[in-house]
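In structure tokens:
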């Protein structure tokens, strides 16, 4: 699309959404206009992420994107914690984790796989992601498993201890992946040993001259470093704003349709709230930057499990209404299932369209079960 | 064995079994004669599969063998569904999955491993098999996990949705493995990169001149393409027939001995019903065609979980007696345990005798537990 | 430390501990003196193991160390079985398994990782260890899963069958790893293919001249083969003796402090009882012999699960007080969690400091939960 037209439509749709939000009372109208505006902002966010990733490298770019994407969710969740809506908070944490692991990763792998036969990313990163996912599952599973034998105050103490350990683990992971072992975890395919690079070129079915690696590199960025970063921040802010408006009206719409809170919190809100991650990850996967796409999808769900969720436990203490770390059996089953299939598919550091299908099938199975419960 | 002698004994044993089936009422006699005849037909099936695999390549050959092997089970199961014997159907589905994953794969890996120090097969195929096994476990686990919160009609709807998704997944897997990524999933060791081939030769402990790869290739087929295929079909049909007779009399014998239905359905019937897969897979493994053996064992259990079981759910609707997809805790435990150990052992694409021992130990543990329950 | 000084302090501290044990009644004094003496003996054991490993190779050395380390635990457990204290026995088996998999392995990987950026060991061994761990978890899980449907006498029969199978599996594993596939499982990095060795040298960040491989080899042993072996046996005996004294007094101390038996048996006794493994494994990891450290940590926990625990079931029959193989839900959860995270981290045959952190975090989470229950 022509750049001038794009920005015109972006601004126009935003103005309409703002108007609908403040000057009408029709929830469906608010929903539709926020949705339209969100589409343009998510597209801009995807483009901005791609540009920032160009300057910052895939991993830092992916991390920035995941962080900006989760900032919105953290803010919304803090409001929910303040009002004591713990069940909704846990449902949306669950939904965010499985939405990223299954839907975002599934769509990225599927659409990337339609265009490129086999896509590869740093397998050491993949294995560490898998181990971190397992830590998350263990941390969520232990309080539920031991709850029966504990008093309520002990459950809260255990929740605080586990939350502290997860936050500690998350910061040590940042130290490890950004500083001490930055090189080994690599910058996408640039971080791969030379022979793996060659293999990628060979398998991509293209001639070496227009090989995948070359293709991924030769593209010049649209904007300067500063403007890219500015657009990343601005578009993240607007995606967050529009997401919140969307969430506000979607709940009213869902109630009218008679859908369960577990489904609304765990699926509908998570899908819309992760629109930023969706668009950016799929966008990058289709440019054969699957490493950055994986970093956004898996990195974002790890951030939710290892940082956002534990921080919410501490925030709940500040508000004087302590929230525990005990998830329902349904939520634990969903998170465990999502973590295991994502681990199984990503741990070899290579993906194809069928692996995307597998992730999406599991997402639909879980979605159906949550819709019915 | 001399070919003429073999066919004489095959025909003779078949005639005796036919006679015993139609003209006597002694169950033990029926059982013994069907067993003897089955041995010869299974041997012929193994030989025919090997020949077809020679022409069709290991993966297609393995797929054909798995399909022909499961056709018999599907037919028997449809009769059971028609009579509403859902528990028996689910027990035999369970038995077929764990029988293939543990007993068939275990024996193949063990006997193949006694002859060859390390046997290798395409590791990309192994990883995809593992992910598909995980999908099967998830699909069986979710209805049981969510059942408590659902009404009976909702369980049936969820069962239908999951069945549709599994069949869709199975056909996309065929599309993926037979068409879009045929080359990557490789034709056994021929599909391995050159350096892996060399490694196999080196590790086989033989001189390069009489190396494993050469050994596997130089053997010329016994029959032409057409005759091989004809013998595959005929021997499958007779194995199915004899299996059914065996199953019929074995139930009577088992009842006399006072064995539980779960053990008869899940172990005895499954072992006999999979005689075809057994003989073919072990035969191939001992010829160092472990790739085809794995394709038969794991492929067959995947076919049961992703295709046979869901089809039976739909068939039950046609009969007006809907069967759900909820397995008992024992069955789920057995399938999950079998899938995890098979995944752990097969996912590196290499096997040895001790890995066969591990699979067989788990099979005996499960068999003992099912026998006692 | 100067060798003469070391042996003087060793003998002195031992004499003091002996004196405190036989001539005083103060439990804290017994505890403190046994602890001090244990430190020196554990250090000697580590040094002796390192020397034996030099002569015997990493795997046999590691096996010897694990066996000598577990001998003490087996002897203590037999006394407990004789007195019918089955809960305490199972708690200490659990504690020993998770202590080795999480604490010993975690500390080794962490401290080794602080010194060397990436440490590698034979990945075929790692995968087999992972499969054996899975077998252990399955063997412990099945009796608990099927217990509800079984009578008490059937549970005991099932326990005996599973115990026999595990001991059979353990001896076949020794046959496999020490005889038929000794070379493939390799002697640490010497067993790696040439290109992996180069990679290790490259990644170690040292110049090839003083490379890791060279560094690990060039160190000459302190003692002759015979003296090393003698010191190994003597120091193991004293570590066992001091451990037992420590355990005796620690229980009294713990009771005074009001700690639960599950925590004392599963954590406190296990930590102290495994002091030998701790010191030896960390010592070796910091000398970049991570292969031997892994063999001690994982090998020791496998030995407990596959050999010590089943032998205790048989011993209980000899005493006429049969012990079953049914562990509590908490114990199963802890063992499964430990096995999965250790598997996830070790199966690629490479470790770094952050993977040590992950293991330790899980250990602290489990410890907190057990402390509260």
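Chains as they are written, first to last, in UniProt numbering: chain A, 1 to 373; chain B, 1 to 373; chain C, 1 to 373.
Where a beta carbon is used, it is the ideal one built from N, C-alpha and C, also for glycine.
Proximal chain B residues relative to residue i, where beta-carbon distance stays under 8 Å
{"i": "residue 169 (chain C)", "result": "357, 358 and 361"}
{"i": "residue 373 (chain A)", "result": "146, 149 and 150"}
{"i": "residue 139 (chain C)", "result": "365"}
Nearest-angstrom Cβ-Cβ length linking residue i and residue j, presumed shorter than 8 Å
{"i": "residue 136 (chain A)", "j": "residue 305 (chain A)", "result": "4 Å"}
{"i": "residue 162 (chain B)", "j": "residue 143 (chain B)", "result": "7 Å"}
{"i": "residue 244 (chain C)", "j": "residue 90 (chain C)", "result": "The pair is not a contact, with the Cβ atoms about 19 Å apart (cut-off 8 Å)."}
{"i": "residue 46 (chain A)", "j": "residue 325 (chain A)", "result": "The pair is not a contact, with the Cβ atoms about 33 Å apart (cut-off 8 Å)."}
{"i": "residue 338 (chain C)", "j": "residue 132 (chain C)", "result": "Incorrect: roughly 14 Å between the Cβ atoms, too far for contact."}
{"i": "residue 301 (chain B)", "j": "residue 100 (chain B)", "result": "4 Å"}
{"i": "residue 299 (chain C)", "j": "residue 66 (chain C)", "result": "4 Å"}
{"i": "residue 120 (chain C)", "j": "residue 350 (chain C)", "result": "5 Å"}
{"i": "residue 118 (chain C)", "j": "residue 352 (chain C)", "result": "5 Å"}
{"i": "residue 176 (chain B)", "j": "residue 263 (chain B)", "result": "Actually they do not touch by this definition, with Cβ atoms about 37 Å apart."}
Proximal chain B residues relative to residue i, where beta-carbon distance stays under 7 Å
{"i": "residue 352 (chain A)", "result": "181"}
{"i": "residue 364 (chain A)", "result": "165"}
{"i": "residue 340 (chain A)", "result": "134"}
{"i": "residue 176 (chain C)", "result": "354"}
{"i": "residue 184 (chain C)", "result": "118"}
Residues that residue i contacts on chain A, provided the C-beta gap is smaller than 8 Å
{"i": "residue 130 (chain B)", "result": "344"}
{"i": "residue 172 (chain B)", "result": "354 and 357"}
Per-residue contacts from residue i into chain A (C-beta, under 7 Å)
{"i": "residue 284 (chain C)", "result": "Residues of chain A passing the Cβ test: none, with the nearest at roughly 22 Å."}
{"i": "residue 413 (chain C)", "result": "Outside the displayed span of chain C (1 to 373) sits residue 413 (chain C), for which this structure offers no information."}
Whether residue i touches residue j by CB criterion (9 Å)
{"i": "residue 18 (chain C)", "j": "residue 356 (chain C)", "result": "no"}
{"i": "residue 354 (chain C)", "j": "residue 181 (chain A)", "result": "yes"}
{"i": "residue 129 (chain A)", "j": "residue 294 (chain A)", "result": "yes"}
{"i": "residue 286 (chain A)", "j": "residue 111 (chain A)", "result": "yes"}
{"i": "residue 347 (chain C)", "j": "residue 126 (chain C)", "result": "yes"}
{"i": "residue 6 (chain A)", "j": "residue 38 (chain A)", "result": "no"}
{"i": "residue 87 (chain A)", "j": "residue 252 (chain A)", "result": "no"}
{"i": "residue 34 (chain B)", "j": "residue 21 (chain B)", "result": "yes"}
{"i": "residue 14 (chain C)", "j": "residue 232 (chain C)", "result": "no"}
{"i": "residue 247 (chain C)", "j": "residue 16 (chain C)", "result": "no"}
{"i": "residue 358 (chain A)", "j": "residue 367 (chain B)", "result": "no"}
{"i": "residue 340 (chain B)", "j": "residue 74 (chain C)", "result": "no"}
{"i": "residue 92 (chain C)", "j": "residue 266 (chain C)", "result": "yes"}
{"i": "residue 372 (chain C)", "j": "residue 154 (chain A)", "result": "yes"}
{"i": "residue 309 (chain A)", "j": "residue 141 (chain A)", "result": "no"}
{"i": "residue 42 (chain C)", "j": "residue 280 (chain C)", "result": "yes"}
Amino acids of chain C, ordered along the chain, whose beta-carbon sits closer than 7 Å to that of residue i
{"i": "residue 94 (chain B)", "result": "Near residue 94 (chain B) there are no residues of chain C at all, since even the closest Cβ is about 14 Å away, more than 7 Å."}
{"i": "residue 348 (chain B)", "result": "127"}
Chain-ordered chain B contacts of residue i [CB-CB under 9 Å]
{"i": "residue 154 (chain C)", "result": "372 and 373"}
{"i": "residue 314 (chain C)", "result": "Neighbours of residue 314 (chain C) on chain B: none; closest Cβ ~17 Å, over 9 Å."}
{"i": "residue 239 (chain C)", "result": "Near residue 239 (chain C) there are no residues of chain B at all, since even the closest Cβ is about 32 Å away, more than 9 Å."}
Contacts of residue i in chain C (Cβ-Cβ under 8 Å)
{"i": "residue 162 (chain A)", "result": "365 and 368"}
Contact with chain E by residue i, beta-carbon distance below 9 Å
{"i": "residue 307 (chain B)", "result": "The structure shown contains no chain E; its protein chains are A, B and C."}
Give, in chain order, every unbroken run of the alpha helix (DSSP H) that is at least 4 residues long and sits entirely within the segment 8-77 of chain A. Counting only runs of 4 or more, we get 27-56.
Which complete alpha helix (DSSP H) runs does the segment 283-316 of chain B hold, if anything under 4 residues is left out? Correct list: 290-303.
Name the residues in the segment 115-127 of chain C whose C-beta lies less than 7 Å from a C-beta of chain B; which are they? Only those residues of the segment 115-127 of chain C whose C-beta falls short of 7 Å from the nearest C-beta of chain B are listed: 127.
So if I threshold CB-CB distances at 8 Å, which residues from the segment 316-337 of chain B count as touching chain C? Answer in chain order: 329, 330, 333 and 337.
Mind pulling the alpha helix (DSSP H) runs of 4 or more residues that sit fully within the segment 241-268 of chain C? Contiguous alpha helix (DSSP H) elements confined to the segment 241-268 of chain C do not occur, taking only those with 4 or more residues.
Where in the segment 98-172 of chain C do unbroken runs of the alpha helix (DSSP H), each at least 4 residues long, occur, reported from the N-terminal end onward? Fully enclosed alpha helix (DSSP H) runs of 4 or longer: 105-115 and 123-146.
Runs of 4 residues minimum, wholly inside the segment 307-367 of chain A: which ones carry the alpha helix (DSSP H) assignment? The qualifying runs are 309-318 and 329-346.
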